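Residue numbers (our numbering), protein chains in the order written: chain A, 14 to 275; chain B, 14 to 275. Don't be surprised by glycine CBs; every beta carbon is placed ideally from N, CA and C. These numbers were taken from a predicted model, which means no experiment stands behind them. In what follows, a single structure is set out as structure tokens and then discussed.
2 protein chains.
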Amino acid sequence: MKILLTNDDGIYAPGLLALYECLTSYHEVHVVAPESEMSAVGHCITLSRPLRIQKVSRKGAFFGYAVTGTPADCVKIAVQELFNGTPPDIILSGINLGANVGVNILYSGTVSAATEGAFLGVRSAAISLDATKDPDFRFAAQFSRKVIRFMFSSGLKVNTALNVNIPGIPPEKIKGVCVTRQATARVEERFERRSDPRGNVYYWLAGGKESVEKSKPEVDSVALSENKISITPLYYDLTCEEEYERLKNQPLPSFEELRLDL
Amino acid sequence: MKILLTNDDGIYAPGLLALYECLTSYHEVHVVAPESEMSAVGHCITLSRPLRIQKVSRKGAFFGYAVTGTPADCVKIAVQELFNGTPPDIILSGINLGANVGVNILYSGTVSAATEGAFLGVRSAAISLDATKDPDFRFAAQFSRKVIRFMFSSGLKVNTALNVNIPGIPPEKIKGVCVTRQATARVEERFERRSDPRGNVYYWLAGGKESVEKSKPEVDSVALSENKISITPLYYDLTCEEEYERLKNQPLPSFEELRLDL
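Structure representation (structure tokens):
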């Protein structure tokens, strides 16, 4: 299978290398990833400046292409330029250092690379490990092979991306695998107000831990807190269906009289 | 009413000024916007560097605060720092120069500011004018007053954002207002491959025009192409409900045997 790997921690991140090393014996693996760390870039694309591509070696051998852009840029340019119009069979984004669950996925470069793949009609998955330090990516990398198989065995639609989160605990403590929804609970966060050495005020975003949504047991953050692997199918449609159906039947804003005000 | 204005074209953009000048006679208006242009930043937040805030004057009077961050940063810091914990009644993001419809809204800083407001529980709307040059923002600014009223009269849920797109044509040619869904059709785009003066290759993203989705008449891009104002309710949940329901009943990837491989 022809697989494109990308991430948002940058081409030198250990999570990407772990994925590469695990998959390269079984598949034709191509790496196109950001030159530098791109966390919390969201679904960002680069319009105002050009992109450059550079070959990168790791462990003394050719590893992949570094792009001076975001994860979504990497997916776009890989599918459209490097594969000469023949898209890969699968796109995997990760392994991210840190979970991507709840509303935080809207900020996630890792997830947006998978969503971009889905835009382009390629089965895609984001893989994240819920760890912050001393991560062991080996289990997550091996589980990614299972995710690839699942994408085909389950008949996953090509426009759907999977968001996979793996607990950062010893594998024997993992309690199961479940299909989940994205949590929508509010994230607790705040700004720290500080002064620089010249007395100027600056702010730094702190907190941001997803609060576990007790009311909805089927969401990603709850599964992860219960030491389960969560798999959430994502689709790039932000329409609120409930409000769409309701608002259609409300009196809409008039605009005719505004013509006279000008 | 206490209204927060922001945008992604930056604090000096004419669309923001038009909105400010139209609303300031009727409401308590606060401006917190990016210091510089932030188009296509998506739902990006700044974690790796601190944010600074600076007072900005326009036309010789205090206008608002410029933030060294993205539209989502502006909304976060405004709600949490500048309003001292008392959030505004309404957040408006815009008026953007250019439409924000279809899958492109996932790249849009204008829309993500409204989504961020919805995260924070504030009724929010993104306002975009489908024009590229010589824009006349006056009608769109006046229509924004109607949008504000609609947000209350329709009982819009506080966690829902409205994505409003206004045709960039003379107001008397506008054909109506309609509640729409986000289009999901693929966007046609490509990279231009160029060489710099030193012979190095670079790529520049071109195209990106939303293709009109003929099969679904109720979507934003179709309404706009028919010279109608479109209003799409958005919710920050990317879960694909259809695939969620289906995948739940599929055989899930096993993981137990992976423990032994390590």
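For a Cβ distance threshold of 8 angstroms, residue set Phe204, Arg206 and Tyr216 of chain B lies close to Glu94 (chain A), ordered along the chain. Put simply, of B:His43, B:Tyr248 and B:Pro230 the residue whose alpha carbon is nearest the alpha carbon of Ala198 (chain A) is B:Tyr248. In terms of Cβ geometry, Met14 (chain B) and Asp86 (chain B) do not form a close pair [threshold 9 angstroms]. The shortest C-alpha to C-alpha distance from Phe150 (chain A) to any of A:Pro183, A:Ser38 and A:Arg211 is the one to A:Pro183.
Rounded to the nearest angstrom, the Cβ distance from Val80 (chain A) to Leu64 (chain A) is 6 angstroms, consistent with a contact under 8 angstroms.
According to DSSP, Phe75 (chain B) shares a beta bridge with B:Ser70.
Taking 8 angstroms as the upper bound on Cβ-Cβ separation, chain A lies near residues Arg151, Phe152, Gln155, Phe156, Lys159, Val160, Arg162 and Phe163 of the stretch 138-163 of chain B. Using a Cβ distance threshold of 9 angstroms, Thr128 (chain B) and Asn109 (chain B) do not count as a contacting pair. If you check each beta-carbon in the stretch 171-198 of chain A against every beta-carbon of chain B, the ones closer than 7 angstroms belong to Thr173, Pro184, Glu185, Ile187, Val190, Val192, Arg194, Gln195 and Thr197. Rounded to the nearest whole angstrom, the C-alpha separation of Val192 (chain A) and Ser121 (chain A) is 20 angstroms. Here Tyr216 (chain B) carries a strand assignment [DSSP, helix/strand/coil].
Gln263 (chain A) is positioned such that its CB atom lies no closer than 9 angstroms to that of Ser157 (chain B). For Thr128 (chain B), the uninterrupted alpha helix (DSSP H) segment begins and ends at Gly122 to Phe132. Contacts with chain B at 9 angstroms (Cβ-Cβ) include Pro266 (chain A). With respect to the 9 angstroms criterion, Cys253 (chain A) and Thr173 (chain B) are classified as neighbours on the basis of their beta carbons.
Here Val45 (chain B) is not near Tyr33 (chain B), since their CB atoms are 9 angstroms or more apart.
The beta carbon of Asp21 (chain A) is closer than 6 angstroms to those of Met51, Ser52, Pro84, Gly122 and Thr123 in its chain, skipping five residues each way along the sequence.
The secondary-structure analysis by DSSP pairs Ala139 (chain B) across a beta bridge with B:Ser106 and B:Asn176. DSSP, reduced to helix, strand and coil, places Arg162 (chain A) within a helical segment of the structure shown. Spanning the alpha carbons of Gln67 (chain B) and Tyr78 (chain B) requires a straight line of approximately 5 angstroms. Taking the beta carbon of Ser167 (chain B) as reference, the chain A residues within 7 angstroms of it are Leu260 and Gln263, listed in sequence order. Only residues of its own chain outside the window of five on either side were considered, and among them Ala219 and Gly220 have a CB closer than 7 angstroms to the CB of Arg203 (chain A), listed in chain order.
Proximity of chain B to Phe75 (chain A) at the Cβ level (cut-off 8 angstroms) is not reached, the minimal Cβ distance being about 18 angstroms. Contacts between Ile242 (chain B) and chain A, judged by CB atoms closer than 7 angstroms, involve Phe268 in chain order. In the structure shown, the three-state DSSP call for Ile118 (chain A) is helix.
A direct Cα-Cα distance of roughly 14 angstroms separates Thr145 (chain B) from Gly107 (chain B).
As the crow flies, the alpha-carbon of Val116 (chain A) is around 7 angstroms from that of Asp250 (chain B).
Proximity to Ala236 (chain B) across B:Asn213, B:Val190 and B:Glu205 peaks at B:Val190, based on C-alpha coordinates. The secondary-structure analysis by DSSP pairs Ile244 (chain A) across a beta bridge with A:Val177 and A:Val192. Taken through DSSP and simplified to helix, strand or coil, Glu34 (chain A) comes out as helix. Cβ contact annotation for Val160 (chain A) (same chain, cutoff 6 angstroms, sequence separation greater than five): Ala138 and Val177, in chain order. Among the residues of chain A, none has a CB under 8 angstroms from the CB of Asp21 (chain B); the nearest is roughly 11 angstroms distant. Residue state for Val171 (chain A) is assigned as coil, using DSSP reduced to three classes.
The beta carbon of Leu30 (chain B) sits no closer than 9 angstroms to any beta carbon of chain A.
Residues Ile103, Arg136, Ala138 and Leu175 of the same chain have their beta carbon placed closer than 8 angstroms to that of Met164 (chain B), with the five preceding and five following residues left out of the count. In this chain, Ala91 (chain A) is not harboured by any alpha helix (DSSP H), its DSSP state being neither H nor E.
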